[in-house]
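Note sheet for the following structure.
Numbering (the working numbering), first residue to last: 14 to 577.
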């Protein structure tokens, strides 16, 4: 294996706390993570996308991305429809990884055949449980055809440790695969990407390096000095330069730059449709008709009119950016876009800008939740723990990704925090598979200023420790789908008295009791093994995920305890 790839893979395994010894499996996880990260740059658990051994249709990993989210359950699709009323952007990502140093056109064709069979109404290949589960989600998405505004895009990543040289046989096989998949008439496009050692190295660096782009910005004025802002400019930029800011490695839109923007792309709604028409027919007036975009960066440098933006986010202009990207081939030369360019590292200033610019459009409270003061305090509270107990609360996506040696498994996103606290302290483990915005609405009073902070850390730490035991096979993998139920059961099993309220001082003492168990491998393993016996008692088919989505299971499990 390429020495640099090996080094990067070792770094990845350490950051994910993965103890897998088989090099082929290591490479599958590493390659799958790198490929999917190009499409979806939120933190995610490789276990949720890697398919596993045997009966896998020749596929190593599958990611289902809808409206910018990594989908792991049918319920998340229902939640997106309830919130957005449409499925505006659907991408299916398939990965096949080989440790060999060459590209085998036969294997590349077999990979394509497996992907085609995955979408077949009458599949011919044997399927393992993970493939079946992913297939059910895809079938459910297509059953909502009236809400799909554009046919999905299918991405195939074939990854080796070799060098890609555009071999005619390999290119021909890729074209045949693309043609076969397009003939299914369910995709707007099929993209087959061969990834060799050089590109794989670049993909991994993209996951850990600060994003940096150089643009031409000549039509500008320097704004007066503003407290909390290093420098800022107001002006307009041509579409070619702006597309550099939002276009990724493989020519796809760079989703990661929109993560501090609180709205995802809304699809072809009336406003965006009108914007598209304006781009195609009257682009010279676009600069007057559009409110423009706001870009915040940690570092901004320039030589003349060439500006380099480092670690930047587009905090207002998500819709405009997507419309420009989707119409880039039809844009007439000369399109100009209003832009505010701000350099600041002051969190309070960033929050105020995000709130101000997005309050001018329809944005829900849960989309602005990350800006609440409670989350600042919670992030600081997480920082009081050290050593093996250290976790990192991620208020802003990717804030701990770049230039750090932090293990990714120790990063707790707002979404993970909501699911953990909802499961352990609000008895809602059956809703943990839902989109977190929907879950937030189902819980009254979460993130209340009067709440103790320790219970939020406690449930997240216990979840982190459970995942550790699953990764190390200390707990049978079949119970991983019940991890949120286990959080709830731990609470009831360790309670000697009535469960304290979230704002009570007694809650801290109770949480300390939970943490004593969660911090000890042996004690936590014994506790979980005891609780999984209760799950066995109340669940008929332990291999099915359907039982994890019912309130009935919650109530049945609670009958095992004397609840005061």
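Virtual Cβ for every residue (Gly too), placed ideally from N, Cα, C. Keep in mind the model is a prediction, meaning the values are calculated, not measured.
- Looking at the DSSP output, residue 310 shares a beta bridge with 325, 356.
- The shortest C-alpha to C-alpha distance from residue 159 to any of 100, 431, 208 is the one to 100.
- In the three-state reduction of the DSSP assignment, residue 251 falls in the strand class.
- Counting only runs of 4 or more residues that sit fully inside the segment 488–528, the alpha helix (DSSP H) segments are 496–507, in chain order.
- Segment contact: the segment 291–305 against the segment 209–218, fewer than three CB-CB distances shorter than 8 Å; contact not assigned.
- Contact annotation: residue 309 and residue 363 have beta-carbon atoms nearer than 7 Å.
- In the DSSP annotation of this structure, the continuous segment of the alpha helix (DSSP H) that includes residue 27 starts and ends at 16–28.
- Out of 271, 495, 534, the CA that lies nearest to the CA of residue 549 is found in 495.
- In this structure, residue 173 sits away from residue 124, with a CB-CB distance that is not shorter than 7 Å.
- Just so you know, the alpha carbons of residue 237 and residue 356 end up roughly 13 Å apart.
- Apart from the 5 residues on each side of it in sequence, residue 146 sits with its Cβ closer than 8 Å to the Cβ of 558 in its chain, given in chain order.
- Taken atom to atom, the span from the alpha-carbon of residue 461 to that of residue 533 is near 30 Å.
- Between the segment 492–512 and the segment 448–464 there are fewer than three inter-stretch CB-CB distances shorter than 8 Å, so the stretches are not counted as touching.
- Taking residue 191 as the centre and dropping the five residues before and after it, the same chain places the C-beta of 203, 205 closer than 6 Å to its C-beta, in chain order.
- The C-beta distance from residue 263 to residue 51 rounds to 6 Å, short enough to meet the 8 Å contact threshold.
- The three-state secondary structure of residue 351, taken from DSSP, is strand.
- Looking only at 445, 432, 400, the smallest Cα-Cα distance to residue 423 is reached by 400.
- In this chain, residue 226 is not harboured by any alpha helix (DSSP H); it is covered by the beta strand (DSSP E) spanning 225–229.
- Check the Cα spacing between residue 267 and each of 489, 291, 112, 224: the tightest is with 224.
- Taking residue 122 as the centre and dropping the five residues before and after it, the same chain places the C-beta of 186 closer than 6 Å to its C-beta, in chain order.
- Annotation: residue 172 is outside any alpha helix (DSSP H); the continuous beta strand (DSSP E) that includes it extends over 166–172.
- When rounded, the separation of the alpha-carbon atoms in residue 213 and residue 182 is 22 Å.
- Annotated three-state conformation of residue 136 is coil, per DSSP.
- The residue among 227, 246, 162 with its C-alpha nearest the C-alpha of residue 233 is 246.
- Boundaries of the alpha helix (DSSP H) around residue 149: 142–156.
- Scanning the segment 43–107 for uninterrupted alpha helix (DSSP H) segments of 4 residues or longer gives 87–97, listed from N- to C-terminal end.
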